Amino acid sequence: MMKNGITRRDFLKSSSLVIAATALHGELVLFNVSPAKAESTTTFKPHAFVEVAMDDTVTVWLGQTNLGQGTHTGISMIIAEELDADWQKVRAKMALAAEVFKNPHANAQFTGGSTSIRSRWDLLRGSGAAARQMLIAAAAKEWGIDAKKCRTEKSRVLNPDGRHLTYGQLVSKARELPVPQNPPLKEAKDYRIIGTARDRLDIPDKVEGKTIYGMDVVVPNMCIAVVARPPRFGATPVSYDTNAAMAVKGVLKVVPLEDKVAVCADTTYAALQGREKLNIQWTTGSHPELNDESLDKLFQASLEKPGAVAESTGDTENAFAEAAVKIEGSYKLPFISHAQLEPINCTAHVEKDRCRLWVPTQGQTWSQMAAAKTSGLPAEKVEVMTTYVGGGFGLRVTADPVVDAVSLSMAMDRPVKVMWTREDDFANDYFRPGSVSTIKAGLDKDGRLVAWSHKVASPSIMSGLMPEQVKNGIDGSSLHGIPDMVYTLPNRHIEYVMMDLPISVGFWRSVGYTINTFAIETFMDELAHAAKKDPVEFRLDHMEKGSRPYRTLSLLAEKADWGGKVPAGRSRGIAVGSCFGSSAAHMAEVSVDRKTGKVKVHKVACAIDCGPAVYPDAITAQMEGGLVMALSVAFHEKIHFSKGGVKTANFDEYPLLTMSGVPEVEVYISNSVHKIGGVGEPGIPTVAPAVANAIFKATGVRLKELPFKRDLLIKG
Amino acid sequence: MISLHVNGKKRKVDAAPDTPLLWVLRDNLGITSVKYTCGIAECGVCTVLIDDEAVRSCSISVDEAQKSKIITIEGLPEDHPVKIAWIEKQVPQCGYCQPGIMLQTVDFLKRQPNPTEEQVDEALDNVLCRCGSHPRIKKAVQMAADLTKK
Ligand code: FES
Ligand code: FES
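Line by line, the protein sequences are chains H and Y.
Its first residue numbered 1, the first sequence is counted upward by one per residue in the numbering used here.
Its first residue numbered 1001, the second sequence is counted upward by one per residue in the numbering used here.
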């Protein structure tokens, strides 16, 4: 890895985070409450997550980052449900990073992998239920009756004789009681908050403009820093004009940082102007010949190399040789950016024996470790305050700005906010990796899939960010969705060619699934066509009957009336997939203007099965947002490279999908009793293939590259 | 000294006249609802109303804004139809883009109180929202239009 890669690698190495498709085992562990008890004498806080005040206010303390995904409200709903709290009295507050907020299945506090709720489902319910049981016990003791006789409702314990005590009135009694370790949980049929329509708790402030994002943090006596970073891979500064920068009014100091140069100033504008005035000359860098064309060639050449075998079941070669119909497809996806609207930033204040961070992070633990390492302070002396976040999508698990902010706070001996400009953001993103792949498959004479051979070449995310996750040349995230595809096949062979490029790559909403599902699901459509079968029927025929994806695709086909009458001039395409514990399917309805090649997506219907639907409106919002993002990727997004660096600099060169390209959306949530799954990511991967399949239906043209090339659709 | 008229109040600031209005609002006046994303008039998150017209504050100097009335999201009443509709339709996800889009909507609805769906698409086709709140924005704009008429 390039640039800050080494530092990044170190932070991440010591964590045992396992992302994505790893099975999560649920075990309820309630934490020791004594430290929490000592914090205050006026509240009842049986667990780090929940605090009841004498005025009946219930505060839910959160360790999960608010990215706008609705998790803060969803988590509060779960706790309020088991606590039987009055929803009107529930508040959600972000807590300082702490041990108790670590993912129960990984040694880190982070918000990613669509895990916020699914990996805490038991824990959250348990903490609410334990608190409720203690409040009941306190009331029963007060009344001298058996606790079993008491009921709860809307933050009150009810005595069968008609009397009641509010939770606030029970605070001082309840706090003296032991925390039950295995409180009984409610049955789903008794839920009155989970699964209902609730207004998101953070929306009023967002509408009023009151929400404080990382960029908005103001700490007394702070200064603002912008950092000039290498414009090309491996470049370092040769010369720069410190005096010219210092001559800008408001500039306080020019601070060299390894291969970067920082300008600290009183105001943002002064810092920006100072950076300009540095007029840095950089070395050519390590890969001056790298550009879009050379990358294309590297990808193609890599695909021709033998890969590491990730899986080989049955006898794929033989089955393919004997197949009645043989089909091959090649797929090509570009590097793309997170393009979250709030640029990367961090505010840090390093003092003699403590370091404070105010940071819009998805990875508290890694921010803390980065600050500890940079400042030389022990990790427990680093306080991480997570701000609201203006979009994350997986990028903000990395800790680059933390390192700069901590270094600069030490250099300036005062609080420093480091902010990136949009240009910094595009140039230093951890892109979704570019990826090429080929699939070869064979059908027998009855149109059944008998062989599937799949090869992927791409740079590896894990080798840069979590090298311990790479085994025998295989980065599982590069192959997401292939070994765990939703189809059961007798003969399957999967290979991976890991590419070594200087380009930083990272987690981008649904990671490898969004890449490989495009290939698999457009290819499945091609196979269905070859087998002369209906695309839904063909897919269902190759799935385990009754499995989650089977049910999800069936639900979509039924709700969206697949096979029904299609509006004149429109064509439909469909795709299904599973990731992060959930299944999703999309059906797109498009029309194509063959003169211009312009595609109009009229409508997209989506079905999601994430098990119990805790907060349905947030699930709908995630599906809608995921759809828009995925359409944007399908039609527009591609990072360009030239002269050994990132060429794309700002949104004028990286257009996103805008209002007129956003279709009508229908979302169907299957509120199933099955294991709870993730929501943030599963809505992405099946969008692009559903649209590509609809375009095929309309034109007979198979699009195998993203973003879609319009000229391929022009006829005549 | 530069004098500005922001949300009904006169404010004096010490800033270079060529400073983009965006940075003066944020750094000097602490009005952080006005956001930064692109700095080149491509995204709309920095939008404010200047004499009732939506303007991208990253691309106008503080000097140019001196004689005008500037309104940011804080300057709209809490019961403004756009605010009510944005809450009712549960529009924001991360929320970063929303104040700018809401202010552009205020400007648009003033000129076009009965917009068709196509007109909404067109009027808001130059703003960015990475979270994809567009389907809800479309509904909220129509709702705000209806509320305004009442
Ligand atoms: S920051 Fe002004 S338009 Fe993007
Ligand atoms: S709500 Fe996040 S960018 Fe629009």
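We put the beta carbon where it would ideally sit given N, CA and C, even for glycine.
As the structure is a computational prediction, the values presented were derived from the model and not from experiment.
Whole-angstrom distance between residue j and residue i, CA atom to CA atom
i	j	result
H/I574	Y/G1044	34 Å
Y/P1017	H/R432	41 Å
Y/K1150	Y/K1089	18 Å
H/L656	H/L395	17 Å
H/V440	H/P334	In the sequence as displayed, the identity of residue 440 of chain H is Lys instead of Val. Distance between the alpha carbons of H/K440 and H/P334 is about 22 Å.
H/I203	H/A324	57 Å
H/G569	Y/T1072	44 Å
H/M412	H/P184	54 Å
H/V725	H/A457	There is no way to answer for residue 725 of chain H, as the model of chain H reaches only from 1 to 716.
H/T284	H/P230	10 Å
H/I482	H/F518	11 Å
Y/N1007	Y/R1136	27 Å
H/L170	H/H164	11 Å
H/Q69	H/Q622	7 Å
H/V723	H/A427	This structure gives no information on residue 723 of chain H, because the portion of chain H shown stretches from 1 to 716.
H/T71	H/E258	38 Å
H/A138	H/V60	21 Å
H/N159	H/N103	38 Å
H/M215	H/I684	28 Å
H/A270	Y/V1013	15 Å
Proximity test, Cβ basis, 9 Å: residue i and chain H
i	result
Y/S1059	no
Y/G1008	no
Y/A1015	yes
Y/Q1098	yes
Y/M974	Since the first and last residues shown for chain Y are 1001 and 1150, residue 974 of chain Y lies out of range.
Y/T1019	yes
Y/D1027	yes
Y/T1037	yes
Y/M1102	yes
CB contact below 9 Å: residue i versus chain Y
i	result
H/G162	no
H/R275	no
H/G392	yes
H/V207	yes
H/A405	no
H/E342	yes
H/K559	no
H/D617	yes
H/D202	yes
H/V389	yes
Paired residues, beta bridge with residue i - DSSP
i	result
H/T438	H/S330 and H/K455
H/D216	Per DSSP, none; premise fails for H/D216.
Y/T1047	Y/R1056
H/N318	In DSSP, H/N318 forms no bridge with anything.
H/G645	H/S642
Y/M1104	In the sequence under discussion, the amino acid at residue 1104 of chain Y is Gln, which differs from the Met named in the question. Paired residues: none, contrary to the question.
H/N345	H/M419
H/R432	H/I336
Y/R1011	Y/L1004
H/V667	H/C606
H/Q281	H/S239
H/P256	H/V261
H/G573	H/A588
Y/S1061	Y/P1020
H/T313	H/R492
H/K471	H/I474
Residue i Cβ short of 8 Å to ligand 4 heavy atom set
i	result
H/S591	Here the bound small molecules are ligand 1 and ligand 2; ligand 4 is not part of this structure.
Practice task
Could you please tell me which residues of the segment 1066–1081 of chain Y, in chain order, have their CB closer than 8 Å to any CB of chain H?
Solution key: Residues passing the 8 Å Cβ filter: T1072, I1073, E1074 and E1078.
Exercise for the section: Taking a Cβ distance cut-off of 7 Å, strictly less, list which residues of the segment 655–686 of chain H are near chain Y, in chain order. Expected result: Those would be L656, T658, M659, S660, V662 and V665, in chain order.
Problem - Residues within the segment 623–653 of chain H neighbouring chain Y, beta-carbon criterion of under 9 Å - result: E624, G625, G626, L627, V628, M629, A630, L631, S632, N650, F651 and D652
Practice task
Return the residues of the segment 1081–1092 of chain Y that lie within a Cβ-Cβ distance of less than 8 Å from chain H, sorted by chain order.
Solution key: K1083, W1086, I1087, Q1090, V1091 and P1092
Problem - Positions along the segment 1040–1060 of chain Y whose CB lies within less than 7 Å of some CB in chain H - result: I1040, E1042, C1043 and V1045
Problem - Contacting positions in the segment 261–272 of chain H - beta carbon closer than 9 Å to chain Y - result: Those would be D266, T267, T268, Y269, A270 and L272, in chain order.
Exercise for the section: Please list the residues of the segment 1117–1150 of chain Y that have a C-beta atom closer than 9 Å to any C-beta atom in chain H, keeping them in chain order. Expected result: Listed by position along the chain: E1118, V1120, D1121, E1122, A1123, L1124, D1125, N1126, V1127, L1128, C1129, R1130, C1131, G1132, S1133, H1134, P1135, R1136, I1137 and K1138.
Practice task
Quick one: which residues of the segment 596–613 of chain H get their C-beta closer than 9 Å to a C-beta of chain Y? List them in chain order.
Solution key: none
Problem - Short-range partners of chain Y found in the segment 208–220 of chain H, where Cβ spacing is below 8 Å - result: Along the segment 208–220 of chain H, going in chain order, the ones with a CB nearer than 8 Å to a CB of chain Y are E208, G209, K210, T211, I212, Y213, M215, D216 and V218.
Exercise for the section: Can you give me, in chain order, the residues of the segment 419–433 of chain H that have a beta carbon less than 7 Å from any beta carbon in chain Y? Expected result: Flagged, chain order: T421 and R422.
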